[in-house]
Structures are given as C-alpha cells and as structure tokens.
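Below is one structure, written out as structure tokens, with a few remarks after it.
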C-alpha cells in the first residue's frame, strides 16, 4: 500500500525546502577573488568586489541568526537594539488592541446593517467609499489628530480590520435562513433574544470568516505602519536592520512575520470551525 | 357547516402587485372555511395554489391582503405560541442538540421556568416521538425521519392549540413516512390536537384527516369543496384501504387533482358558487359502481357534482 497522503506531502515539502536552500547557497557563492587589483583599492572596495563574495547571507548565516534570536528573544539594549520577541510583542499588542476595538465596533454595526434594510441602504455609500482606502492613507490624519505615533498605528489597524468584519457580519446577519427566523417568530422570541440565540449562532461562521480576513490584513498592515512611525515593533525592526544593512536580520524578521501571521490565521480558522455546524 | 368554529378562515385573499405595477397577481381569493376543535384537516391542491401562504397566514407569519382568521374567538395578529408550525424542511437549529432544540421552544413558552424543569418537560416530548437516547445528538447526526421527529417534538412541547404542518413528511422515504404518519396520528388522537396540514399525498390525507379541503389551481385559487372523510376515527394503516368507501374518496380526490382542479373555475361561472359556503362532499359510491356513476345510488352525496355526472 502506498504511504498516506500526509506522509508523501511531508516528504515532498522537505525535498522542496532542501532544494530551495541548496539553490540559495549556490546563488550566493562568490566567483573567486578578483585578480590584479591594487591592494589599496581592494581595501576600499571591500569583500564583495575583491573576493566576489555576495552580501546576501547564506542559509547557514540566517539559521544561526534565527537560533540566536530564539535563544534570547527578550533582551533590551536601548531603543535600537531590542530582542525580536520584544519587537514582536509590540506589534502583536498593537494589532490586538486595534483589532479588538474593530471587533467591538464592526459586529454591533454589522448586526444593525444586517437586521435593518434602512440602515443598510443609509450606511452603504459610506462603506463603499471608505472600504477601498489604503489604511496607510489615514496615517497622516491619525498622526495629526492623535499626536501619538504608537496610537496612530493602532488606529490604522482598527480602520483596516473594520471593513471585512463589518461587511461579513452584515452579510451573515442578513442571510440567516428564513425558516430559523420563522421558528423564532412562531415561538414569540423577542428581538434581543432572537439576535443572541438565532442570528448570532447562525451568522457566526460568516462573522468569523470576516474576522479571519481582518486579522490577516491587520498583520500585513502593521509592518508597513511601523516602518512609517518607527520606534518599536517588527516593522520598525525590519526597517532598522535595512538601515544597518543587516540582510541576515531582515530575512530573519521576514520569516518570523510569516510564522506569526500563519499562527494568527490558524487560530481564527480553528475558531471558525468551532462555530460551524453542518445541517 | 360545523356548529363550533374553533378556527374560522373568513374571506382571506392574497394578492401581489404585478412587477412593474399595473394589475395585480391574485394567488387566492375569498377563502372561507372553518375547523372544529380536535379536528384534523388536510388541504390538497397543486403547487402554486397558495396552500403554504394559507398555512403561513394561519401561523401569523404572513398577512392576508383581505379577510381575517379567527382562532378560538380571537383574530390572528402575528405569530403565537398557541399555534405551532412543523416546517417542511424541519427547520432545526443545527448548533443545538435535539434537547437544545426542544428546550428552546419550551423555554420560549414558559420563560420563568428553571433549566432543569425545561429539560424535564422537553425530555417528555422527545420520548413521545421515540427519540429517547438521542437527546445529545445534533441535527446533522440524525436521519431525515429523526429530524422531522424533533420538529414534531418541538411543536408538541409548547402544547399549542393548533398544529400547522407544511408537508411534514414529503422529504422522507416511504417507510419512514408511514411510521411517522402513524405516530402523528396516535399523538394527535391522544392529545386531541387540532391540526391543519398541507399535503400532496392523497393516501396520507385520507389516512390522517377528518376532512380534506380541495383547492383549485392558482392563480386566483379558490376552495372547491371539502371532502368529509367517511373513515372511522379508529383506523389502522393496514386496514384503511379495505374500507368500502376508501377508493371512492381516493378517486374523487384524484379526479379533482387531475382535471377538476383546473376546470373548476370555468365550471363555476355557469353554476352557483358561494365562496362562503364551500360544499361539503361525501363521495359515497361503493367501488364497483364507480365505473358507471349513478347519482340515485348515492344518497349521501352532496350536490355540485352535476358537471362530473
């Protein structure tokens, strides 16, 4: 019997990873020392020109760096040298606060839009205009009004998380199966109880899908926002390490951003599964 | 007309404005019919004649364009816990267990009851429909028949004055349908439930109903006649078809569905038809003579069959 699909997929994944690492290693291999160069000139030019060595770190360098960061993620040696863990914690906290405020705003308003055709029509033009605005376009306005760079990035996270949740909640609430609402009506269930016992559980999978889209967008945006406002956070770390020309650290940060994004997505996916019931 | 009008449908119509304005689409017009307490009434008609709308009006989920429905001396104003609906598609809440679905209805009816009391009450009705032991399953884990049993338990658990059933067995296989019909009949007889049921199945109507209302085709559907079921109150599924009048009733209804439901409207223009007094018909011909209808041999037969004979 053939090995299970999971096993075969895992083997293939490992092979692809090895191939990628190998190509990477080959790609950064230097072309050997340059010939006939004035030693004084060679000193000025540095290793890239004289020995053909690429400035791009190899997989081993990155691996060592990742290990270094993992071993000591929470050190703090001043404003430009903090552990990756601390930077991540700043980013996650900003995303968390902005996202939770967005949840608190989007779900009630989404309910209102979903339950009231009047509100749906009245708010639709605003949503249609606000939705396509890049969240970073709000940044100057936020900086001017809030006057705090960290809070401004929280605001940007709030505004970018809002729309998918709002739209999905409204859609989920508006498309609750009519017969479930009829059940509530024949049982003379009041509006509030109906909202919590029929509409909320019926719309929960759609709402959580919106929340999953939002957390993904929020995690994309926080990196850009922190590059702009600076100070702390994983986005600032990337930009800072670019200014330090530490490509190794930049690649390390990219990997970490990917892993955290995946974890956030999986948490929401798990939650969605918890509230989804087949009929 | 029966002496007591527990449910009285008085001149209800349903009209929709035609798309783009202009004239009106009439689904049905000026329906008058009444039901006694404890009576099992089936309504038969082709799809699109507005049966479900009639049921929804009775349930209070829909409002008639004209007319009124009076239940137990009170005009219907919206849905009520006095009238339970069994939906065609069972309409169970998939995130709740069997117990949760029934308890939800119980807790809606008796809002001050404690959780334990609610569950105890719900358990009685889950047992009544034969689902004891399946309380903790969710609808997705149940077969179609079991789901509909939960729907029945939920409707019964609020101890309604009237049960309204919208083709409750149409989505089930023949065997399950049979057993569920038996159980619904048993439960309704023991509890003296008043039932109004939509069906497409003639045999089901004859087995379950005391009276069968025949509705003509839409648009502009009307109630053609009410068939008084000659079968005794005590009837067994295995015996009903041996009743001397079974096939007379059956053929009468099938004749109606096949041709007269379509032609009734044109017939009506010639003869007298009073929508307020829908004729009560007792198809009483014994089967052998049915091939050659002889009006004199049917003393119990009501009028209005002039066109057929």
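Chains as they are written, first to last, in my numbering: chain A, 515 to 793; chain B, 8 to 316. All C-beta atoms, glycine included, are put in the ideal place defined by N, C-alpha and C.
Under the three-state DSSP convention, the category residue i falls into
i                      : result
residue 789 of chain A : helix
residue 554 of chain A : helix
residue 195 of chain B : helix
residue 262 of chain B : helix
residue 228 of chain B : strand
residue 40 of chain B  : strand
residue 173 of chain B : strand
residue 51 of chain B  : strand
residue 777 of chain A : helix
residue 141 of chain B : coil
residue 645 of chain A : coil
residue 288 of chain B : strand
residue 104 of chain B : coil
residue 703 of chain A : coil
residue 629 of chain A : helix
residue 235 of chain B : strand
residue 81 of chain B  : strand
residue 125 of chain B : helix
residue 294 of chain B : Residue placement at residue 294 of chain B is poorly supported in this model, since its pLDDT is 45, which falls under 50; the coordinates are not used for a value here.
residue 11 of chain B  : coil
residue 617 of chain A : helix
residue 593 of chain A : coil
residue 317 of chain B : No answer is possible for residue 317 of chain B: the residues shown for chain B start at 8 and end at 316.
residue 240 of chain B : coil
Proximal chain B residues relative to residue i, where beta-carbon distance stays under 7 Å
i                      : result
residue 793 of chain A : 101, 146, 147
residue 699 of chain A : 68, 86
Contact belief for residue i with residue j at Cβ below 8 Å, rounded distance in angstroms
i                      : j                      : result
residue 7 of chain B   : residue 211 of chain B : Here chain B has residues from 8 to 316 only, and residue 7 of chain B is not among them.
residue 786 of chain A : residue 711 of chain A : With 8 Å as the limit, residue 786 of chain A and residue 711 of chain A do not qualify as a contact, their Cβ atoms being about 20 Å apart.
residue 671 of chain A : residue 735 of chain A : 6 Å
residue 574 of chain A : residue 770 of chain A : Not a contact, Cβ separation roughly 18 Å.
residue 656 of chain A : residue 640 of chain A : The pair is not a contact, with the Cβ atoms about 18 Å apart (cut-off 8 Å).
residue 604 of chain A : residue 746 of chain A : 4 Å
residue 89 of chain B  : residue 168 of chain B : 4 Å
Member of the options whose CA lies at the smallest distance from the CA of residue i
i                      : options                    : result
residue 700 of chain A : B/32, B/85, B/27, B/45     : B/85
residue 137 of chain B : B/105, B/112, B/242        : B/105
residue 112 of chain B : B/151, B/160, B/185        : B/160
residue 237 of chain B : B/249, B/16, B/227         : B/249
residue 662 of chain A : A/686, A/706, A/740, A/526 : A/740
residue 265 of chain B : B/14, B/135, B/132, B/223  : B/223
residue 189 of chain B : B/205, B/251, B/243        : B/243
residue 42 of chain B  : B/16, B/91, B/121          : B/16
residue 102 of chain B : B/281, B/148, B/120, B/62  : B/148
residue 569 of chain A : A/762, A/677, A/580        : A/762
residue 154 of chain B : B/96, B/260, B/23          : B/96
residue 721 of chain A : A/619, A/552, A/695, A/572 : A/619
residue 72 of chain B  : B/201, B/258, B/35         : B/35
residue 129 of chain B : B/166, B/152, B/145, B/206 : B/166
residue 229 of chain B : B/256, B/206, B/283, B/180 : B/283
residue 726 of chain A : A/666, A/617, A/767, A/773 : A/617
Opening and closing residue of the beta strand (DSSP E) in which residue i lies
i                      : result
residue 221 of chain B : 218-222
residue 15 of chain B  : 14-24
residue 74 of chain B  : 73-78
residue 90 of chain B  : 90-93
residue 202 of chain B : 201-206
Chain B contact residues for residue i, given Cβ-Cβ distances below 9 Å
i                      : result
residue 715 of chain A : 100, 101, 102, 103
residue 696 of chain A : 63, 66, 68, 86, 92, 94, 98
Within chain A, the residues that residue i reaches when beta carbons sit closer than 7 Å
i                      : result
residue 115 of chain B : 701, 702, 703
residue 112 of chain B : 701
Closer than 8 Å at the beta carbon, the chain A residues around residue i
i                     : result
residue 91 of chain B : 700
Check: residue i C-beta below 7 Å from any heavy atom of the ligand SAM
i                     : result
residue 62 of chain B : This structure lacks the ligand SAM, and indeed carries no ligand of any kind.
Partners in chain B for residue i, counting only beta-carbon separations shorter than 8 Å
i                      : result
residue 693 of chain A : 94, 96, 98
Residue span of the alpha helix (DSSP H) that contains residue i, given as start and end
i                      : result
residue 673 of chain A : 663-688
residue 741 of chain A : 714-743
residue 710 of chain A : Per DSSP, residue 710 of chain A belongs to no alpha helix (DSSP H) and is neither H nor E.
residue 588 of chain A : No alpha helix (DSSP H) contains residue 588 of chain A, which DSSP labels as neither H nor E.
residue 753 of chain A : 748-757
residue 154 of chain B : 151-164
residue 211 of chain B : 209-215
residue 527 of chain A : 519-542
residue 800 of chain A : As shown, chain A starts at 515 and ends at 793. That puts residue 800 of chain A outside it, with no answer to give.
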